[in-house]
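Step one of this worksheet: look at the structure below.
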Amino acid sequence: MMELAMQYHSYPLEPRIDKATGKIIAEQSGNLLDVVNCQQLIMKAPPGAQLELPLLPISPKHSSLELAAISQAVGHYETWVSGSVHRHNNIALAARGISNVLLWPGEHFSFNEVVGPRSPERGYMPAPILLNGGRGMDFGGGVCQVASTLYNAALDAGLKIEERHAHSKAVRYVPEGRDATVSYPDLDLCFINNKDGPVIIKAGLGGSHLWVKIMGRSK
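In our numbering, the protein residues as written are 6 to 224.
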């Protein structure tokens, strides 16, 4: 009976956001074999009978209606992007990486986990970075501007910051003390959705204009 129960057991799927399109993907219920009723059916069934096994639905914790209610920016920040084509490329890649990320209440966001390694295999190019108070070149140069813009949007939304690191010197694109440096896998930007409802991160680069919005429910 245990093997039968495992065969018919399926976990519910929570509603989610399609990473590429930003569209809502509806939740799906799971199933659990009703073992007690199943045993009774088997015991009463004549030899060779075909049985329709009783299943119990398992409901997801959340509904897509919660995501459909997300309609306004509860946090927003913009920065001006300068520098080389390589730097613009890296910023666009990282912005795409954090965009359409869904956080349910209590969920944790890690920039490094979401964006991943900044490597040439993943499309990142060498661009200037701040290194020990000076300048250097590295794959993913410019990604810190995305982290800093996201950090300020998260602050504007009132999200709980768990980890943030400052650059070794001031940067031009945000006020002093409002920057966030990241370096995979050591230096990270992390925060928690401490709101009552889900939030969705939106980000993009249009020309030289980098923007990040934290989308939430209207008050």
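The C-beta atom is built at its ideal place from N, Cα and C for all residues, glycine as well.
Check	Outcome
Measuring alpha carbon to alpha carbon, tell me which of 160, 20, 217 ends up nearest residue 74.	20
Assuming the contact rule is C-beta atoms closer than 8 angstroms, residue 146 and residue 131 should be a hit. Round their C-beta distance to whole Å, please.	7 angstroms
Does the beta-carbon of residue 190 have 16 or more other beta-carbons within 10 angstroms, so that it is buried, or is it exposed?	exposed
On the three-state DSSP scale, how would you describe residue 69?	helix
Inspect the CB distances between the segment 137-145 and the segment 213-223 and report whether three or more fall short of 8 angstroms.	no
Exposed or buried, what is residue 45 when buried is set at 16 or more other beta-carbons lying within 10 Å of its beta-carbon?	exposed
So is residue 207 buried or exposed if we call it buried at 16+ other beta carbons inside 10 Å?	buried
Rounded to whole angstroms, what's the CA-CA distance from residue 152 to residue 213? Just pull it up for me.	16 angstroms
Which residue or residues does DSSP assign as beta-bridge partners of residue 84?	215
So residue 95 is in the alpha helix (DSSP H); what residue range does that whole segment cover?	90-103
Please work out which residues of its chain come closer than 6 angstroms, Cβ to Cβ, to residue 195, disregarding the five sequence neighbours upstream and downstream, and give them in chain order.	115, 167, 168
Please report the straight-line C-alpha distance between residue 229 and residue 32, rounded to a whole angstrom.	The question about residue 229 has no answer here: the residues shown for the chain are numbered 6 through 224.
In the DSSP assignment, what are the bridge partners of residue 113?	197
Using the Cα positions of residue 156 and residue 106, report the straight-line distance between them to the nearest angstrom.	15 angstroms
Would the segment 91-110 count as touching the segment 118-138 if we require 3 or more Cβ pairs under 8 angstroms?	yes
May I ask you to report which of helix, strand or coil DSSP gives residue 123?	coil
Within a Cβ cutoff of 6 angstroms, which residues of the same chain sit near residue 72, ignoring the five residues on either side of it in sequence?	20, 29
For residue 43 and residue 79, what's the separation of their Cα atoms in angstroms?	50 angstroms
Going straight from the alpha carbon of residue 70 to that of residue 39, what length do you get?	29 angstroms
Would you mind listing the beta strand (DSSP E) stretches within the segment 146-179 that are 3+ residues and don't spill past its ends, in chain order?	165-168
Figure out for me which residue from 215, 35, 165 has the closest Cα to the Cα of residue 154.	215
Output the boundary residues of the beta strand (DSSP E) element that contains residue 132.	131-136
With a threshold of 16 other CB atoms inside 10 Å of the CB of residue 2, please say whether the residue is buried or exposed.	Not covered by the structure: residue 2. The range shown for the chain is 6 to 224.
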